[in-house]
Every structure is written in structure tokens, then in C-alpha cells.
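This report refers to the structure that appears directly beneath it.
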Amino acid sequence: MLSETVAESTSRRGFLARAGRLLLAVSGTGVVAAALRAQRAEAFHFCGHIYTTGSCPHPTGLPRIDRAGFPLRASDGHPVDDLGRPVDSLGRPVDAHGNLLLDPDGNPLPSAPRTRICQVAAREHGFRPYLDGSWYRCCGGHVRRLMDCCGYVRRRINGDAALTGYCYSGRRVFCVMYYDSKIRC
Amino acid sequence: MLTAALALLAVRDETSLAERRQGLRALRVLAAVSLALALVASEARAAQVASPAGDPSAVGTDLVWQEPGVGGFLLRNGQKTQLPGNDPALGGARIAWHAGDNVTVADSATLVPQLQEAIPGVQKLAVSDGWLVYRVAVSGKEELRAQSLAEPFSTTTLTRPRVPGRLGRPSLSGDLVLYHLAGPGGSGLYAYDLSTGKRSLLRSSTRAQLLNPVRLGSKLLYVRITRCAQQLRLGTLDGNGAGRVLYKLPPLAGQDLGHERGHTHQGERLPCSPRPKPTSRMLWTTALSDTAAYVTVLRPGTGGVMSPSLLSISR
Chain L
1 MLSETVAEST SRRGFLARAG RLLLAVSGTG VVAAALRAQR AEAFHFCGHI
51 YTTGSCPHPT GLPRIDRAGF PLRASDGHPV DDLGRPVDSL GRPVDAHGNL
101 LLDPDGNPLP SAPRTRICQV AAREHGFRPY LDGSWYRCCG GHVRRLMDCC
151 GYVRRRINGD AALTGYCYSG RRVFCVMYYD SKIRC
Chain S
186 MLTAALALLA VRDETSLAER RQGLRALRVL AAVSLALALV ASEARAAQVA
236 SPAGDPSAVG TDLVWQEPGV GGFLLRNGQK TQLPGNDPAL GGARIAWHAG
286 DNVTVADSAT LVPQLQEAIP GVQKLAVSDG WLVYRVAVSG KEELRAQSLA
336 EPFSTTTLTR PRVPGRLGRP SLSGDLVLYH LAGPGGSGLY AYDLSTGKRS
386 LLRSSTRAQL LNPVRLGSKL LYVRITRCAQ QLRLGTLDGN GAGRVLYKLP
436 PLAGQDLGHE RGHTHQGERL PCSPRPKPTS RMLWTTALSD TAAYVTVLRP
486 GTGGVMSPSL LSISR
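Chains as they are written, first to last, in the working numbering: chain L, 1 to 185; chain S, 186 to 500.
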């Protein structure tokens, strides 16, 4: 046994075997890494999502929400109302610089409703909304909390069968949304 | 290519066109041309009356409006006249304006004052042959009040005080006051019958913002702003029938891709399709005559204050 080890480590065949293993390891690692990277990048429509369930209806597209479930603009995290307009802390529409939008008499322009996006999904599709469990992933250097909008539903927003996901007590996932925390990862 | 495409479309259908070489491109060009023509047609129906100008009111061929920082104007037989006050309103055979807290109701033909009184905090006016209705500031809030022109010392409060921005400018048609109430809970178009004291809800929505109603006969003109469009709509007062869109603008907000970069489209959900190009212009106050509808279009100005332009749209 010892002689074989010595022979392998000194012979040309042994050298080739080691070189082959090294090459396999390097190339194999690359393939696996590339595969994982591809899965992370392309499999689902936003980072951290781990299945095919569609986004909850959101005024600006990507289902980014604040801690309470109200819609935020995905690009910069600014609160938006149901019309998609950026709004201040009181829900009043503001311009791109954060100035309150005023009519020519100086009155604020009328506010529009700002609805939790799981509630919007429930209202549009006729079920009672529940926020049950969450899962967490590292996205863009910050911890992202991903949430299922749950209900006693048989079909999800995609139109096909709904799954249990992170929903409890017999409820199933209707659509998904996310909250980006400030916690670095 | 377009001529051939049109000829083929006339003879067959769009499938046969799409199946030909460069057919799909021609189809896309046709669609784009159609959209552009529709937009041009919509814009062509609208003509700018004045700018900066807003808060119109109309009776017959007479039209009044407010120019911010300058005052009220009357357009009659193509002649533009500055009025001795602000926020003018027309109704029946009367015209009203205010200079500070002093409100004047005059004969609209001669502009000779018929009633002058001080109403502290008065902001917006509406007038008819029998009534003066106004929005007034009260202790940091706003409310609507009415008074009979036959008994000017008797005032009726139409709404309870609301924070600024919730109550719209009132309009008046005979005994019927129309106004909007809009806020985080949704919006509604209300009618208050001054002869009976009865209030009714004409339209309401939690998804669309309904603003600035005016009435002429059985018709109701108002602004409807949704996530994907802004419309100037003409419908019936009782809400029966679909109504018509007289003028429209794109939505007030854009949308993202629906998916993060480097990720798949599968599962994305976008609010508007096709993707609209948003505008910062907003439809605002309205007026209606037998031949034309009028709408104020607000454009963003400095410090968030919107600047108005007044458009006329043929009915």
C-alpha cells in the first residue's frame, strides 16, 4: 500500500492522475458554480423567490412592500399610492424632489388610497388575506424578507393550483411579495 | 411595404400578413401608425383656450376662468375681458367673483353687481339664478356653504369641515350642487339638492380617483384617474350607460420591468399593458356647455405648485 502510494507520487502515471483530478476539480467547480449562478440569476423573477408563484398586484410592478405591507417603488423604496404616485408619510402626492404637489391655489392635490398589496390581491380575487410565514435571503447585500400572501384558495394568481408554501392552517399561497431590510449580509 | 400590407389586410386577415416575409414588421408599423393617429385625433379635438388658466365655468358661449396671480377673465364673442375679481363662476343669467373676502354676484350680460357681501375665507364660487355656493376656509379646514340669492342672510352648510385638498371646487346647476370628496379612503362625486336638502352619491370608487363633476341637463362631466389612464368622461347623471371619454392623458406614474435584472419574466405582473409612458400633467377642474367641454390640465411647476392650462374639447 505504502509502495503504491510512493509509486503514484513519483511516477508519470501518478503525476497524470493528480493533474487529472486537479483539472476535474477546477472545471467541475466552474460548472457547478455557473449552474448555481444561473439558477440564482434566472430561475425566478426576483432575487430570493424560490418558486414560480407570481407577484401580488402592485402599482409599479415588482411587489416590494414596507414593513406593514404597503407598496414601495422597487427602484428606490419610495412609498407609492394605488395610482403609483410617490407620496409623503401622510399619503399625499409629491414630486420627484419630495415637494408636496399643490394645486394653483396652494392646496395639496387629493390623496388616493394606499392599500396593502395582499389586500389588493384578495379584493380583486375574492378571498380573505393572511400573512403567515416568511423566508429570508441575501439580496443586493441586504437581508430580504420574502412573504406569501395566503388565503383559503385553490388557485394561485398564475391561474393554476396553489401550493402550501409558507402558509398555515390549510391556507395556500396566492401570490408573493418582499420587504428589503437594511440589515447587511 | 405599407401599401402592400394594407392591400393584403383588405383582402385577407392579419394572420396572412404576419406569415409573410417582413409581414410582422409591417403589422407592427401599422399598429404604431394607428396608435399615433388615434393620439393625434384625440389631441386635435382639444384646443388650448388660455395658459396659465384654470377653473373654468361656462354658460352658452360665455366662458370664464382664473389666471393665477392675475384674476378672473371672461371670454364672450371672442373678446377676452378681465373681471374685477378672482375665481369667477357663471350660472343661469348670473356671474360671480370675489376680491379677497368680498364676493360679488352680478348680471352676466351687463356685469352690473346685484349682490355684494363679505364672506371671510371664501375660496371658490358657484352661482345659479337662485343660489350662491362657495368653498370657505374655516379654522384650517374647508367646507361648502350655500345661500339663497332671494334670502342672502340665510346660509346652509353643505359639508362638514375637511382638511384642505379633500373637497373639490363646487359647481352648480339650478338647485343642484356638485362636488367631489377625495382622500385616502377613496373618492366620490356628490350632488346636493338645495331645494330638498337631500344629498346623493353619484359615483364612487376606491380604485379610481373621481374629481371635479359638472352637470348640464342630464349629462355629467368629470375626471377619472386610474392607475393606467386619466380620462375626461361624459356620462349620465344617474350613472346609466357607459359614457364617453372626451379626452385622455397617460397615467401619472410609470412601472418597472416586473422582474429584477438578470431574472426571468415568469411570475411577473405589471399593472398596465401595454407599458404606458407616464406624464406629470394631470386633469383637473371642468366645465360643460352645449357645444364644448373644458378641462384644466395641471403641469408641474417650481416647488411642487402646479401650473394650469385650459383646454376646450368639442363634444
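All C-beta atoms, glycine included, are put in the ideal place defined by N, C-alpha and C.
In the DSSP annotation of this structure, the continuous segment of the beta strand (DSSP E) that includes GLN301 of chain S starts and ends at 298-303. When the alpha-carbon of PRO93 of chain L is set against those of S:GLU453, S:GLY350, S:ASP441 and S:THR470, the nearest one is in S:GLY350.
If you look at HIS142 of chain L, you'll find it in the beta strand (DSSP E) that goes 142-151. Within the segment 438-456 of chain S, contact with chain L at the beta-carbon level (separation under 8 Å) is assigned to ALA438, GLY439, GLN440, ASP441, LEU442, GLY443, HIS444, GLU445, GLY447, HIS448, THR449, HIS450, GLN451, GLY452, GLU453, ARG454, LEU455 and PRO456. With fewer than 16 other CB atoms across the displayed protein chains lying within 10 angstroms of its CB, PRO337 of chain S is exposed. In the three-state reduction of the DSSP assignment, THR487 of chain S falls in the helix class. For GLY69 of chain L, the closest Cβ of chain S is not nearer than 8 Å. By the rule that beta-carbons nearer than 8 Å mark a contact, ILE157 of chain L touches chain S.
The criterion of a C-beta distance shorter than 8 Å is satisfied by CYS175 of chain L and SER55 of chain L.
Boundaries of the alpha helix (DSSP H) harbouring VAL120 of chain L: 117-125, taken from the DSSP string. Straight-line measurement puts the Cα of TYR364 of chain S at about 12 Å from the Cα of LYS309 of chain S. From the beta-carbon of PRO253 of chain S, the residues of chain L found nearer than 9 Å are PRO104 and ASP105. Closest in C-alpha terms to LEU405 of chain S, from the list S:ALA427, S:CYS457, S:ALA281 and S:PRO436, comes S:ALA427.
Around the C-beta of ASN262 of chain S, fewer than 16 other C-beta atoms lie within 10 Å, and the residue is accordingly described as exposed.
Note that the segment 72-88 of chain L does not touch the segment 154-162 of chain L; fewer than 3 beta-carbon pairs, one per stretch, sit closer than 8 Å. For ALA122 of chain L, the closest Cβ of chain S is not nearer than 8 Å. For ARG351 of chain S, the residues of chain L that pass the 7 Å Cβ criterion are PRO110, in the order they occur in the chain. Take the alpha-carbon of ARG412 of chain S and the one of ASN287 of chain S: they are about 41 Å apart. Taken atom to atom, the span from the alpha-carbon of LEU260 of chain S to that of ARG388 of chain S is near 32 Å. Interface annotation, GLN394 of chain S: in contact with chain L, CB-CB separation under 8 Å.
DSSP, read as helix, strand or coil, puts ARG330 of chain S in strand. Ranked by how close their Cα comes to the Cα of VAL255 of chain S, the residues S:LYS265, S:GLY270 and S:GLY245 have S:GLY270 in first place.
In the DSSP assignment, ILE280 of chain S falls within the beta strand (DSSP E) that extends over 279-284. Cβ neighbours of ARG484 of chain S within its own chain (closer than 6 Å, five residues either side excluded): ARG466 and SER492. By the Cβ neighbour-count rule, ALA274 of chain S is buried, with 16 or more other Cβ atoms within 10 Å of its own.
Beta-bridge annotation (DSSP): ILE50 of chain L is not paired with any residue.
Contact of ARG116 of chain L with chain S is not assigned, every C-beta pair being separated by 8 Å or more.
Listed in chain order, the non-local C-beta contacts of PRO369 of chain S below 6 Å within the same chain number zero, local neighbours out to five positions each way being set aside. Residue-level contact by beta carbon holds for LEU483 of chain S and chain L, with a gap shorter than 8 Å. For THR266 of chain S, same chain residues with a beta-carbon under 6 Å away, outside a window of 5 residues either side, are LEU259 in chain order.
For ARG67 of chain L, the secondary structure class from DSSP, reduced to helix, strand or coil, is coil.
Unbroken beta strand (DSSP E) runs of no fewer than 3 residues, entirely contained in the segment 310-365 of chain S, are found at 316-323, 326-333, 340-342 and 356-358, following chain order.
For the 8 Å CB-CB criterion, LEU357 of chain S and GLY276 of chain S form a contact. Cβ proximity to chain L below 8 Å picks out ILE410, THR411 and ARG412 from the segment 409-424 of chain S.
Contact between LEU296 of chain S and ARG320 of chain S is ruled out by a C-beta separation of about 23 Å, above the 8 Å threshold.
Taking 8 Å as the cut-off, the Cβ atoms of TYR166 of chain L and ASP180 of chain L do not count as close.
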